[in-house]
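For the sequence shown, the numbering used here gives the first residue as 51, with consecutive numbering after it. Working notes, structure below.
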Amino acid sequence: MSPTRVGIIGLKASTSDSLLGSWGVRGHLRSIQGLSSLYEIVAVANSTIESSLKSIEVHKLPTTTKAYGNAEDLAADPNVELVVISVELRKHYELAMPALKHKKDNGNSPILKVYCHENGMLTLRLLQRPMAASVKEAEELTKVAKERGVRTMVGLQGRYDPLVQKVKEILNEGKIGKIISSTVTVCSSALPVGTWLKDLEFYLDWNSGGNEYTIFIGHFLDSFTYLLGDFASVLGLLACQYSSVAIIDPATGQIVNPAYPKTAPDHVCITGTLQSSAIASLTFRKPPSAADSVGFRWYITGTEGEIAITTEEGNWQGGGIREKRKISLKVGKADSVDIEFGKDDNTLAEKVAFPATNTARQYEVFAAGDRDVVTFEDGLRNHRLLQRIANSSGWAMI
Numbered sequence: 051m052s053p054t055r056v057g058i059i060g061l062k063a064s065t066s067d068s069l070l071g072s073w074g075v076r077g078h079l080r081s082i083q084g085l086s087s088l089y090e091i092v093a094v095a096n097s098t099i100e101s102s103l104k105s106i107e108v109h110k111l112p113t114t115t116k117a118y119g120n121a122e123d124l125a126a127d128p129n130v131e132l133v134v135i136s137v138e139l140r141k142h143y144e145l146a147m148p149a150l151k152h153k154k155d156n157g158n159s160p161i162l163k164v165y166c167h168e169n170g171m172l173t174l175r176l177l178q179r180p181m182a183a184s185v186k187e188a189e190e191l192t193k194v195a196k197e198r199g200v201r202t203m204v205g206l207q208g209r210y211d212p213l214v215q216k217v218k219e220i221l222n223e224g225k226i227g228k229i230i231s232s233t234v235t236v237c238s239s240a241l242p243v244g245t246w247l248k249d250l251e252f253y254l255d256w257n258s259g260g261n262e263y264t265i266f267i268g269h270f271l272d273s274f275t276y277l278l279g280d281f282a283s284v285l286g287l288l289a290c291q292y293s294s295v296a297i298i299d300p301a302t303g304q305i306v307n308p309a310y311p312k313t314a315p316d317h318v319c320i321t322g323t324l325q326s327s328a329i330a331s332l333t334f335r336k337p338p339s340a341a342d343s344v345g346f347r348w349y350i351t352g353t354e355g356e357i358a359i360t361t362e363e364g365n366w367q368g369g370g371i372r373e374k375r376k377i378s379l380k381v382g383k384a385d386s387v388d389i390e391f392g393k394d395d396n397t398l399a400e401k402v403a404f405p406a407t408n409t410a411r412q413y414e415v416f417a418a419g420d421r422d423v424v425t426f427e428d429g430l431r432n433h434r435l436l437q438r439i440a441n442s443s444g445w446a447m448i
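The following block contains the structure:
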């Protein structure tokens, strides 16, 4: 079977590992190149043809790679089967729609697929999350994809991490009985408290749609509901405890704005009842650093035992070092046992460097036609959950 032909919209002409506009490179380009037997890049579209040509040159893509100056032309290319969009969140909708509307069929199978990822990506009808800047836009994208019979996928790659998959296996085997509660405490200090990067100010803005709440917390909530199911009822308490942040120019290391106004929440409490009747409590805090260097403590309590998941600061969204994460299982009164996970993973994705490892796993699952694919509907459900939590706290979320 020949590799799926990929077109990337928004591929930065840089090999830097900087956070600045680099997810298309750090996440998607590395994943696709690491899975060369499954995917090949045949087209790039940036804001100008010249910029696309520069990206093709910088990343040493084949000379046959087509360069485009807009999303419409790339989406119309008959050689493109999968469109990846890696741009700022507020442009997801306007760039995703052309790709969705240029659906091409090979017999009965749609071969143009779209993916949208965190900084904005469309692939194999794969959309990065947050899917769009508002629930309304996400609903429209989902509706159009469904009407056109497009197979979809959204960039919630954390659920493919071996840690999450191992916990799912334990739960499916019923080792801890019926789930009756879950408690989560998270320290999000892997990202700085008092400083931020120039040109990434949208992450500090509540109205941007792409901030710590919708991205960092949104990604974790997908892992949470993937394992434990959706909320039947939920309440949130959101607070912005750091009202200003110093903005630093990464090129010079100099502060360009000592007090940039921050409006996105950095402390969040969530309580609710799951559809299974289990109760849940989640808290996200942001000190300069966790007192015990533990970023996540997640307890899943059942009638027969309990699972404890701990990680260093940060989460498993991109993958990471297994040794810094731990699953403990205690059944009844027996001693707690540490559970191994991912040790025998010999897939191509496992060899893709962090932070692209789980994104590569997601591409692998999609290529295999696996049913366990995160669809636009899943992404929309995640977006609506975030909206319910925020609105219950008086933080209007569009």
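Glycine residues also receive a C-beta, built at the ideal position from the N, C-alpha and C atoms. What you are looking at is a predicted structure, and each value in this text was computed from that prediction instead of being measured.
Quick check: what's the CA-CA separation for residue i versus residue j?
i: residue 66; j: residue 137; result: 16 Å
i: residue 330; j: residue 265; result: 20 Å
i: residue 215; j: residue 100; result: 43 Å
i: residue 271; j: residue 88; result: 29 Å
i: residue 300; j: residue 292; result: 21 Å
i: residue 296; j: residue 419; result: 46 Å
i: residue 217; j: residue 273; result: 10 Å
i: residue 275; j: residue 302; result: 42 Å
i: residue 148; j: residue 415; result: 25 Å
i: residue 231; j: residue 357; result: 11 Å
i: residue 235; j: residue 347; result: 5 Å
i: residue 52; j: residue 151; result: 25 Å
i: residue 252; j: residue 433; result: 18 Å
i: residue 82; j: residue 383; result: 47 Å
i: residue 380; j: residue 343; result: 23 Å
i: residue 119; j: residue 97; result: 5 Å
i: residue 446; j: residue 437; result: 8 Å
i: residue 197; j: residue 135; result: 21 Å
i: residue 226; j: residue 123; result: 53 Å
i: residue 405; j: residue 194; result: 31 Å
Put residue i into one of helix, strand or coil per three-state DSSP.
i: residue 356; result: strand
i: residue 434; result: helix
i: residue 208; result: helix
i: residue 63; result: coil
i: residue 421; result: coil
i: residue 449; result: One cannot answer for residue 449 here, as it falls past the ends of the chain, which runs 51 to 448.
i: residue 77; result: helix
i: residue 385; result: coil
i: residue 334; result: strand
i: residue 159; result: Below a pLDDT of 50, predicted positions are generally treated as unreliable, and residue 159, at 36, falls in that range; no measurement from the model is reported.
i: residue 241; result: coil
i: residue 130; result: coil
i: residue 90; result: strand
i: residue 350; result: strand
i: residue 398; result: coil
i: residue 326; result: coil
i: residue 375; result: strand
i: residue 226; result: coil
i: residue 390; result: coil
i: residue 140; result: helix
i: residue 195; result: helix
i: residue 448; result: coil
i: residue 170; result: Per-residue confidence for residue 170 stands at a pLDDT of 36, beneath the threshold of 50, marking its modelled position as unreliable; the derived number appears in the next sentence. Residue 170: coil per DSSP, three-state reduction.
Checking 8 Å against the spacing of the C-beta atoms, do residue i and residue j come in under that value?
i: residue 442; j: residue 363; result: no
i: residue 352; j: residue 267; result: no
i: residue 106; j: residue 121; result: no
i: residue 80; j: residue 213; result: no
i: residue 314; j: residue 263; result: yes
i: residue 286; j: residue 318; result: yes
i: residue 184; j: residue 259; result: yes
i: residue 108; j: residue 63; result: yes
i: residue 407; j: residue 400; result: yes
i: residue 366; j: residue 211; result: yes
i: residue 254; j: residue 298; result: no
i: residue 290; j: residue 316; result: yes
i: residue 413; j: residue 85; result: yes
i: residue 430; j: residue 192; result: yes
i: residue 288; j: residue 440; result: yes
i: residue 349; j: residue 245; result: no
i: residue 417; j: residue 54; result: yes
(request) Would you check if there are 3 or more beta carbon pairs closer than 8 Å linking the stretch 416-427 to the stretch 391-401? (result) No, the stretch 416-427 is not in contact with the stretch 391-401.
(message) Using 8 Å as the cut-off, can you tell me whether the stretch 318-335 makes contact with the stretch 275-282, which would need three or more C-beta pairs spanning the two stretches below that distance?
(response) Touching, per the Cβ criterion.
(request) Count the CB pairs spanning the stretch 330-346 and the stretch 200-207 that are closer than 8 Å, and state whether there are at least three. (result) Three or more Cβ pairs closer than 8 Å define a contact, and the stretch 330-346 falls short of that threshold against the stretch 200-207.
(message) Going residue by residue through the stretch 245-321, where are the continuous beta strand (DSSP E) segments of at least 3 residues, counting only ones entirely within it?
(response) If we require 3 residues or more, the beta strand (DSSP E) runs fully inside the stretch 245-321 come out as 245-247, 281-289, 294-298 and 305-311.
(request) Determine contact between the stretch 377-388 and the stretch 51-67, defined as no fewer than three beta-carbon pairs at a distance below 8 Å. (result) Touching, no.
(message) If contact is defined by three or more beta carbon pairs under 8 Å, each pair taking one atom from either stretch, is the stretch 183-198 in contact with the stretch 133-149?
(response) Contact holds: three or more Cβ-Cβ distances are below 8 Å.
(message) For the pair the stretch 121-134 and the stretch 81-96, tell me if three or more CB-CB distances fall below 8 Å.
(response) The stretch 121-134 is in contact with the stretch 81-96.
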